[in-house]
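What follows is a single structure, written as structure tokens, with notes after it.
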């Protein structure tokens, strides 16, 4: 398969599907016009273009609104990095107040995710009906069709997974409506149903996708079997501890399922950890440990002028950025997570030119489109959704849920030895709780600014260490979920506000 990320058909697909109506329904899907039906879904090129549109829509959903993927997954944890005031009230989320008008109208609105889901649903309907004759340009029509369908199932599952962690209960849409103007408005479904859909979609994707890619251009930035296994593992661990927050006891059925899933991924995926000598290459993208990434590469002119990474960098990294970036690392994070200054993640991940406002330089692969004058800077760092180090560390979490502190200690210490020539190791013989504390520190080192840390704290019940706005009482009331943007209620009488935020929004 040619690199679907760069297919020009993406533009026509998105424009036709998303901009032909003034529809203002819940999901903001758009009816297709007559010429679209007559001219599209005729050959494999059409299917590739639609899939390119699907990836583009998901990319927009997670990068739009101040890089919402990182706002939800890292920023609201507060004591990892600070958002400085810039007039929009975004910094309010770091105090646990999600009701600032700007945040309600942007981060509390899930519409962009449903546009990606609508595209997945459309592909699942249309591609399944394409005949072998229509796909005759492909060497194997069945394999091509299965690959397209598998990717659509994966992207739908990933969109729902991102939403279920942010809002809990969300509407479930699995049909491709020919005319969304007449589509039903839908209520929020219990998160248990949403997570079951994610699980089922992952299994369908696994059965349809292969481990390898037809083209090197598709590697890492399109879904394969490994991508679906990684998502499924995260889903099982989230469900194991977050399906019922009135208890801290993990559901061991889900824990064991996560264990089996990760074991299969590691044994069959062919992934290897990036050599620490090439540490920063992991975050440029397409490294040996990358499992699934969102393409943000200047190699295909898809770099980002508004990347989360760029908001940490001063003028010494990006011409014109000045000396006071909007985001900076909290010194407490550095002090709490790095016991030595020899750890490669410390040396290569941060700049301490301003000691009170350290910069994260994990994402600092800057390319100028006008290199002669150093103008038009773009960061060329893929968004790393899943990678091997993440999966290996999750094995330690699984061991701790099973009461096996020794195995978890071995995994954590392996990371410390790998990244630090003079490591401070976890002592043998510590209790499960003590090793869990060390585990969450190691996750904080390894996964900083990768969209995982807040969710890690919730799963492991270590939020009290970092998130000072989230006392246990608020956690038990599910006060970590986001409210819904009031605009979503205007045309949908079936929606209900997130329970914790009733009367507050």
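In the UniProt record's numbering, the protein residues as written are 1 to 505. C-beta atoms are modelled at their ideal positions from N, C-alpha and C, and glycine is treated no differently. If you're wondering where the values come from, they're calculated on a predicted model, not measured in any experiment.
Residue from the options with nearest C-alpha to residue i
| i | options | result |
| --- | --- | --- |
| residue 437 | 246, 462, 178 | 462 |
| residue 344 | 300, 420, 351, 50 | 420 |
| residue 170 | 152, 197, 145 | 197 |
| residue 177 | 119, 56, 204 | 119 |
| residue 229 | 494, 261, 63, 249 | 261 |
| residue 74 | 465, 498, 416, 455 | 455 |
| residue 325 | 336, 308, 338 | 308 |
| residue 503 | 488, 492, 487, 483 | 483 |
| residue 207 | 241, 184, 157, 150 | 150 |
| residue 167 | 243, 393, 175 | 243 |
| residue 405 | 385, 84, 185, 427 | 427 |
| residue 126 | 322, 433, 50, 500 | 50 |
| residue 347 | 40, 279, 57 | 279 |
| residue 399 | 376, 322, 263 | 263 |
| residue 447 | 87, 53, 314, 388 | 388 |
| residue 234 | 116, 451, 356, 411 | 451 |
| residue 86 | 76, 72, 78, 102 | 102 |
| residue 222 | 385, 179, 396 | 385 |
| residue 479 | 500, 459, 486, 467 | 500 |
| residue 318 | 365, 338, 354, 164 | 365 |
| residue 432 | 457, 444, 401 | 401 |
| residue 442 | 333, 48, 274, 270 | 333 |
| residue 159 | 145, 201, 143 | 201 |
| residue 164 | 239, 52, 81, 139 | 239 |
| residue 357 | 329, 274, 255, 342 | 329 |
| residue 71 | 481, 130, 124 | 481 |
| residue 306 | 224, 121, 363, 457 | 363 |
Counted within 10 angstroms of its Cβ, other Cβ atoms place residue i as buried (16 or more) or exposed
| i | result |
| --- | --- |
| residue 14 | In this predicted model, residue 14 has a pLDDT of only 43, less than 50, meaning its place in the structure is not dependable; the value taken from the coordinates is given anyway. By the 10 Å Cβ count, residue 14 comes out buried. |
| residue 316 | exposed |
| residue 218 | buried |
| residue 494 | exposed |
| residue 277 | exposed |
| residue 61 | buried |
| residue 27 | Note that residue 27 has pLDDT 46, beneath the 50 cutoff, so the model's placement of it is unreliable and the number below is only indicative. That one is buried. |
| residue 491 | exposed |
| residue 67 | buried |
| residue 45 | exposed |
| residue 11 | Per-residue confidence for residue 11 stands at a pLDDT of 38, beneath the threshold of 50, marking its modelled position as unreliable; the derived number appears in the next sentence. Label assigned to residue 11: exposed. |
| residue 476 | exposed |
| residue 179 | exposed |
| residue 374 | exposed |
| residue 289 | buried |
Bridge partners - residue i, DSSP secondary structure assignment
| i | result |
| --- | --- |
| residue 387 | 290 |
| residue 170 | 189 |
| residue 359 | 351 |
| residue 83 | 327 |
| residue 370 | 375 |
| residue 304 | 379 |
Contacting residues, own chain, Cβ-Cβ under 7 Å from residue i (five flanking each side not counted)
| i | result |
| --- | --- |
| residue 100 | 89, 92 |
| residue 268 | 211 |
| residue 418 | 276 |
| residue 188 | 169, 170, 171, 495, 496 |
| residue 303 | 296, 297, 367, 378, 379, 380 |
| residue 112 | 60, 61, 64 |
| residue 323 | 314, 315 |
| residue 141 | 132, 135 |
| residue 96 | 469, 470 |
| residue 376 | 368, 369, 370 |
| residue 396 | 408, 411, 412, 439 |
| residue 190 | 169 |
| residue 116 | 54, 57, 58, 61, 155, 159 |
| residue 250 | 240, 241, 401 |
| residue 246 | 476 |
Contact set for residue i: own chain, Cβ-Cβ below 6 Å, skip 5 residues either direction
| i | result |
| --- | --- |
| residue 297 | 380 |
| residue 423 | 416, 417 |
| residue 312 | 325, 327, 359, 360 |
| residue 183 | 177 |
| residue 34 | Unreliable positioning characterises residue 34 in this predicted model, as indicated by a pLDDT of 35, which lies under 50. The coordinate reading is nonetheless provided below. So the list is empty, once near-sequence residues are dropped. |
| residue 352 | 358 |
Chain-order list of residues whose beta-carbon lies under 8 Å from that of residue i (same chain, five-residue window excluded)
| i | result |
| --- | --- |
| residue 413 | 423, 425, 426 |
| residue 430 | 405, 409, 438 |
| residue 487 | 105, 109 |
Proximity test, residue i beta-carbon vs the ligand MN heavy atom, cut-off 8 Å
| i | result |
| --- | --- |
| residue 58 | This structure lacks the ligand MN; in fact it carries no ligand of any kind. |
**Asked** Considering only residues of the region 179-214, which uninterrupted alpha helix (DSSP H) runs meet the minimum length of 4 residues and lie entirely inside it, listed in chain order?
**Response** As far as the region 179-214 is concerned, its whole alpha helix (DSSP H) runs of at least 4 residues are 191-208.
**Item:** Entirely enclosed beta strand (DSSP E) segments - the region 63-121, minimum 3 residues
**Value:** Correct list: 81-83.
**Item:** Secondary structure, alpha helix (DSSP H): runs of 4+ residues fully inside the region 245-270
**Value:** With a minimum length of 4 residues, the continuous alpha helix (DSSP H) runs that stay inside the region 245-270 are 252-268.
**Message:** At 4 residues or longer, what runs of the alpha helix (DSSP H) sit wholly inside the region 412-496?
**Reply:** Counting whole runs of 4 or more residues, the region 412-496 contains the alpha helix (DSSP H) stretches 432-446, 453-460, 463-466, 472-476.
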